[in-house]
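Residue numbering for the sequence shown follows the working numbering, beginning at 1 and increasing consecutively.
Note that CB positions come from ideal geometry on N, CA and C, so glycine has one too.
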Amino acid sequence: MSLYWLAPLASLATLLGGWGVVRFLQGRAQFMRLLSGVAAGYLLSVTLVRIIPECLEAKGGEINALWVLGGYLLVHVMEHGITLHFHYGEETHTDGSPLSGVLALVGLSLHSLMDGVAIAAALATHSNLGPLVLLGILFHRIPEGGTIASIFLVRGFGKRGALMAAGTLALAALLGSAGQSLLNLPTGPVLGLTAGLTLYVASSDLLPEVQKVSGLRSTIALLSGVGIFLVSARLLPHHH
Numbered sequence: 001m002s003l004y005w006l007a008p009l010a011s012l013a014t015l016l017g018g019w020g021v022v023r024f025l026q027g028r029a030q031f032m033r034l035l036s037g038v039a040a041g042y043l044l045s046v047t048l049v050r051i052i053p054e055c056l057e058a059k060g061g062e063i064n065a066l067w068v069l070g071g072y073l074l075v076h077v078m079e080h081g082i083t084l085h086f087h088y089g090e091e092t093h094t095d096g097s098p099l100s101g102v103l104a105l106v107g108l109s110l111h112s113l114m115d116g117v118a119i120a121a122a123l124a125t126h127s128n129l130g131p132l133v134l135l136g137i138l139f140h141r142i143p144e145g146g147t148i149a150s151i152f153l154v155r156g157f158g159k160r161g162a163l164m165a166a167g168t169l170a171l172a173a174l175l176g177s178a179g180q181s182l183l184n185l186p187t188g189p190v191l192g193l194t195a196g197l198t199l200y201v202a203s204s205d206l207l208p209e210v211q212k213v214s215g216l217r218s219t220i221a222l223l224s225g226v227g228i229f230l231v232s233a234r235l236l237p238h239h240h
């Protein structure tokens, strides 16, 4: 499958999330939280069942597991070291400065860059991993685009600024895909970083959001994501 249309598709998902918040979803956080639950279920499944095993099979073997740990810690630093205040979902804190919005954009742009690298690396494995990783990135890039748009709206940047912020994340993902395609970084370490990133996003960013929804709906959303992965994995079995 071609990187030239898959990478832009992932970027469009970011723009869709930002546009959705600006146009329809501001003040309606529950839908985004349930979507976050679906994304969390899918990302946990694809990471544990497909990305980590593929990472360990690649050149470097078990040493690549250190890159998984490194990716997890890197995302934590990006989200809680670079930014002054950050969480997924709808932003409701109005006491932050515009600077905190810009720093959130910087952190999420680095995250988006890594997403783009992940798409290109997964496609390079020739093992049907590419479409599975792409689907996971599509799921979580919609809430991510909505998150940055919501932050920028609350920080006073207006609707145009919110859409431009989502567009920046989309561009970062494209640059990451192009960079990995040109530089051809080692697949094992890149997949390890990808696994760490997706584990962190699923467990620390997305899952806490859906857990704010009362009743069985949060569990149904999470299991729906797992179900989507199982169907996708069945249609795209692993090939060496």
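By the neighbour-count criterion, in which 16 or more other beta carbons inside 10 Å mark a residue as buried, SER97 falls on the exposed side.
Within the stretch 143-218, the complete alpha helix (DSSP H) runs of at least 4 residues fall at 158-183, 187-200 and 207-210. Annotation: the continuous alpha helix (DSSP H) that includes GLU57 extends over 52-57. Counting only the Cα atoms, THR125 lies some 27 Å from LEU206. When the five nearest sequence neighbours on each side are left out, the beta carbons in the same chain lying within less than 6 Å of the beta carbon of ILE52 are those of ALA195, in order along the chain.
The distance from the Cβ of LEU169 to that of LEU129 is about 23 Å, inconsistent with a contact at the 8 Å cut-off. Per the coordinates, the alpha-carbon of ALA202 lies some 20 Å from the alpha-carbon of ILE151. Residue range 98-123 is occupied by the alpha helix (DSSP H) that includes ALA122. Your pair VAL154 and GLN30 does not check out as a contact, with CB atoms roughly 18 Å apart and the cut at 8 Å.
With respect to the 8 Å criterion, GLY156 and ALA39 are not classified as neighbours on the basis of their beta carbons. Minimum Cα-Cα distance from ALA149 among the listed residues LEU69, LEU134 and ALA165 corresponds to ALA165. Membership of ASN64 in the alpha helix (DSSP H) is indicated by the continuous run 64-77. Cβ atoms of VAL75 and LEU197 come within 8 Å of each other, at about 5 Å. Within 10 angstroms of the beta-carbon of ILE63 lie fewer than 16 other beta-carbons, which makes it exposed.
A distance below 8 Å separates the beta carbons of LEU193 and GLY71.
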